[in-house]
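Have a look at the structure below, then the notes.
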Amino acid sequence: MSYNLVWFKRDLRVHDHAPLLYASRNAPVLCLFIIEPSLWAADDVATHHYQFLRDSLLDLELALRKRGGGLRIEVGEAVAVLQRLWQEAPFLALYSHQETGNWLSFQRDLAVQGWCREHGLLWHEFAQFGVVRRLQNRDLWKAHWEALMAEPCLEPPVCDWIALPEPFTWPEPNSLGLLQPDLPLRQLGGRRQGIETLRDFLFERCGAYRGGISSPLSAPTACSRLSAYLAFGCLSLREVVQATRRQLAALPRGDARRAGLTAFVSRLYWHCHFMQKLESEPELEFTNLHRGYDGLREADWNPVHFQALSAGQTGWPLVDACVAMLQQTGWLNFRMRAMLVSVASYPLWLHWQPVGTWLARQFLDYEPGIHWSQMQMQAGTTGINTTRVYNPIKQARDHDPHGHFVRHWLPALRRVPNEWLFEPWRMSVKLQQQCGLRIGVDIAEPLVDLESATRQAKTRVYQVRGRADVKAAKAAIVEKHGSRKQPTRRRPTQAAACDWVQTQLDF
Ligand SMILES: Cc1cc2nc3c(=O)[nH]c(=O)nc-3n(C[C@H](O)[C@H](O)[C@H](O)COP(=O)(O)OP(=O)(O)OC[C@H]3O[C@@H](n4cnc5c(N)ncnc54)[C@H](O)[C@@H]3O)c2cc1C
1 MSYNLVWFKR DLRVHDHAPL LYASRNAPVL CLFIIEPSLW AADDVATHHY
51 QFLRDSLLDL ELALRKRGGG LRIEVGEAVA VLQRLWQEAP FLALYSHQET
101 GNWLSFQRDL AVQGWCREHG LLWHEFAQFG VVRRLQNRDL WKAHWEALMA
151 EPCLEPPVCD WIALPEPFTW PEPNSLGLLQ PDLPLRQLGG RRQGIETLRD
201 FLFERCGAYR GGISSPLSAP TACSRLSAYL AFGCLSLREV VQATRRQLAA
251 LPRGDARRAG LTAFVSRLYW HCHFMQKLES EPELEFTNLH RGYDGLREAD
301 WNPVHFQALS AGQTGWPLVD ACVAMLQQTG WLNFRMRAML VSVASYPLWL
351 HWQPVGTWLA RQFLDYEPGI HWSQMQMQAG TTGINTTRVY NPIKQARDHD
401 PHGHFVRHWL PALRRVPNEW LFEPWRMSVK LQQQCGLRIG VDIAEPLVDL
451 ESATRQAKTR VYQVRGRADV KAAKAAIVEK HGSRKQPTRR RPTQAAACDW
501 VQTQLDF
């Protein structure tokens with residue numbers, strides 16, 4: 001019997017799943033997930049991504065079984081797996097969501113497209129985010145996003161299913177080259193966990209969103225914590241937007257939670273806005289968005305600086321505490337991510353690409369479109385965003401004034417008085433002895449003088465920014481990637497008119 005093949009990728013749910021619905025309309029369905037060794041061998045993934053994926057696939061499989069179906073999981077490169085299935089029994093068509101992934105998954109999709117063409121097979125790809133393939137210009141993008149988010153969420157269909165082979169044996173992470181241990185405090189994967197997190201946020205925690213998302217102390221509970229569930233597609237973006245808007249409508253005017261939820265919806269919009277950049281320009285994973293910045297930092301790579309940063313040994317307590325948290329949980333709030341990249345890019349003068357690869361490996365919610373766009377934005381290589389440089393000592397005073405966060409993640413600093421906590425290297429030797437802290441042993445001595453290294457870095461960036469050719473190239477980038485304040489049919493003429501919104505990401 002012939003069938004339609006539904007290829008699950010980063011859309012691990014049966015709800016609001018257009019490929020599953022449309023595939024089920026004219027034939028029995030076989031649901032497939034492919035564990036692709038070449039993607040797992042890349043530098044931007046780690047064991048915790050695999051384990052989160054595994055949680056999510058187990059949940060998906062359960063949801064399919066409840067409906068009489070199941071999930072076939074195969075290990076192999078996508079084209080080889082499709083060929084294998086085709087040889088077992090040719091299918092009618094391939095169904096999946098569009099993916100705006102990293103360069104490797106983009107190349108893989110091109111290979112699959114070629115394979116489908118060779119076999120005269122239709123590949124039906126459906127948008128799951130507000131990202132537009134082959135977008136011509138950004139003018140009506142916001143209206144498109146709103147229209148997509150307003151469409152009704154799709155119920156899981158009633159399907160005829162293709163019988164599945166023997167139960168699947170999971171490859172151990174190390175057989176895929178994933179040698180690091182799982183993170184002890186990572187979020188658990190799966191749709192049920194995602195729904196629980198969404199409910200908890202909308203009905204219990206959202207009051208703390210506005211005002212609570214910048215401090216690393218309050219952010220773990222004030223933020224929605226939905227990013228990994230969105231990145232793996234356990235939840236659809238549309239269902240999160242709609243559930244939030246329902247809750248907003250139910251809250252009385254003047255209720256403080258409304259401001260938080262409104263700000264949260266704007267983040268969901270930004271999710272797709274940033275992904276669109278990578279969709280429109282996949283090279284931005286590797287090359288500066290504004291090519292005028294080529295050569296700015298690339299040749300100055302300093303392995304000692306990078307080693308210190310990635311080991312959480314810069315000597316700046318807030319930076320090192322953030323790295324320690326990241327290594328245990330796989331998550332940091334936006335402000336602390338931005339600060340890490342700022343520290344890497346300015347005083348440590350590290351090129352964003354290898355830093356971004358390291359961070360992608362750490363972030364459980366790694367979403368290439370958001371990640372690489374943000375990396376470049378914080379490193380100052382987009383050419384269209386205001387330069388933001390975060391001072392880690394000021395950030396510590398503003399967002400961890402009593403030092404609770406730093407002391408929690410850096411226990412060696414627990415006895416250091418508040419006065420010295422964020423600059424412990426300034427303590428006298430006598431004071432260090434009294435606190436039981438050895439600079440250079442329990443915490444590193446900063447690698448550079450923060451103030452002068454930052455000043456020097458800014459000067460170098462501003463020199464590029466001020467060049468006539470760099471200024472001239474800005475308008476084309478805004479035209480292609482900049483958000484529009486209002487949906488308009490008019491073409492923007494002034495670069496500055498369009499990039500204001502992209503600097504509004506922080507409260
Ligand atoms: C250098 C850098 C790298 C980043 N890499 C990623 C990444 O790989 N994956 C990722 O999901 N987010 C990334 N972000 C954005 C942001 O930090 C995270 O989305 C957020 O911290 C996730 O926690 P949350 O779901 O609780 O956020 P919430 O504040 O509750 O936001 C809800 C959702 O909105 C989206 N969102 C929030 N902030 C942004 C933003 N600034 N830009 C685009 N979308 C946003 C995310 O999907 C998020 O899940 C990055 C930010 C920076 C500065």
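The sequence shown begins at 1 in UniProt numbering and counts up one residue at a time.
Note that beta-carbon positions come from the ideal geometry of N, C-alpha and C, so glycine has one too.
- Put simply, the region 331–346 touches the region 377–384. At least three CB pairs are less than 8 Å apart.
- When distances are taken from the beta-carbon of W270 to the heavy atoms of ligand 1, the shortest one is below 7 Å.
- Of T244, R210 and A222, the smallest CA-CA separation from A256 is found for R210.
- Distances from the CA of H273 to each of G369, T459, R10 and W301 were compared; the closest alpha carbon is that of G369.
- Not one heavy atom of ligand 1 sits closer than 7 Å to the Cβ of C322.
- Of all alpha-carbon atoms in E88, L32, R10 and R25, the one lying nearest the alpha-carbon of Y50 is that of R10.
- If you draw a straight line from the Cα of L289 to the Cα of E298, it comes to about 14 Å.
- In the DSSP assignment, V429 falls within the unbroken alpha helix (DSSP H) covering V429 to C435.
- Residue R191 holds the alpha-carbon nearest to the alpha-carbon of V14 among L164, R191 and L94.
- Taking 8 Å as the cut-off, the beta carbon of A231 is found no closer than this to the beta carbon of L198.
- In this structure Q328 touches L183 by the C-beta definition: roughly 6 Å separates them, less than 8 Å.
- Where R253 is concerned, there is no enclosing beta strand (DSSP E), because DSSP gives it neither an H nor an E.
- Restricted to the region 218–290, the alpha helix (DSSP H) segments that are unbroken, complete and at least 4 residues in length are 219–222, 227–231, 237–250 and 257–280, listed in chain order.
- A residue is called buried when at least 16 other Cβ atoms come within 10 angstroms of its Cβ; W170 does not meet this threshold and is exposed.
- No heavy atom of ligand 1 is found nearer than 7 Å to the CB of R388.
- In this structure the region 312–320 lies against the region 432–452, because at least three pairs of beta carbons, one per stretch, are closer than 8 Å.
- In the three-state reduction of the DSSP assignment, A321 falls in the helix class, which pools H, G and I.
- With a threshold of 7 Å, the Cβ atom of D365 counts as near ligand 1, since some heavy atom of the ligand is closer than that.
- For Y95, the enclosing beta strand (DSSP E) begins and ends at A93 to H97.
- Judged by DSSP in its simplified three-state form, I393 adopts helix.
- A straight line joining the alpha-carbon of G68 with that of D160 spans about 8 Å.
- Distances between the C-beta of I213 and the heavy atoms of ligand 1 include at least one below 7 Å.
- Distance from the C-beta of F264 to the nearest heavy atom of ligand 1 is below 7 Å.
- D469 counts as exposed, since fewer than 16 other C-beta atoms from the protein chains shown sit within 10 angstroms of its C-beta.
- By the CB criterion at 8 Å, F52 and R186 fall inside the cutoff.
- The beta carbon of L12 lies closer than 6 Å to those of S56, L60, F232, G233 and C234 in the same chain, with the five residues before and after it left out.
- By the Cβ test, the region 452–463 is not in contact with the region 432–441, since fewer than three Cβ pairs between them sit closer than 8 Å.
- Straight-line measurement puts the Cα of W123 at about 16 Å from the Cα of H17.
- F126: member of the beta strand (DSSP E) spanning L122 to F126, first to last residue.
- For L230, the shortest C-beta to heavy atom distance toward ligand 1 is below 7 Å.
- In the DSSP assignment, E196 falls within the alpha helix (DSSP H) that extends over R191 to D200.
- Across the set L340, F286, M149 and M325, the C-alpha of M149 shows the shortest separation from the C-alpha of H271.
- In the DSSP assignment, the residues bridged to F33 are F8 and I73.
- At least one heavy atom of ligand 1 is found less than 7 Å from the C-beta of A338.
- Annotation for F126: A18, P19 and H97 place their beta carbon closer than 6 Å to its own, counting only its chain and skipping 5 residues before and after.
- By DSSP's assignment, I477 forms no beta bridge with any residue.
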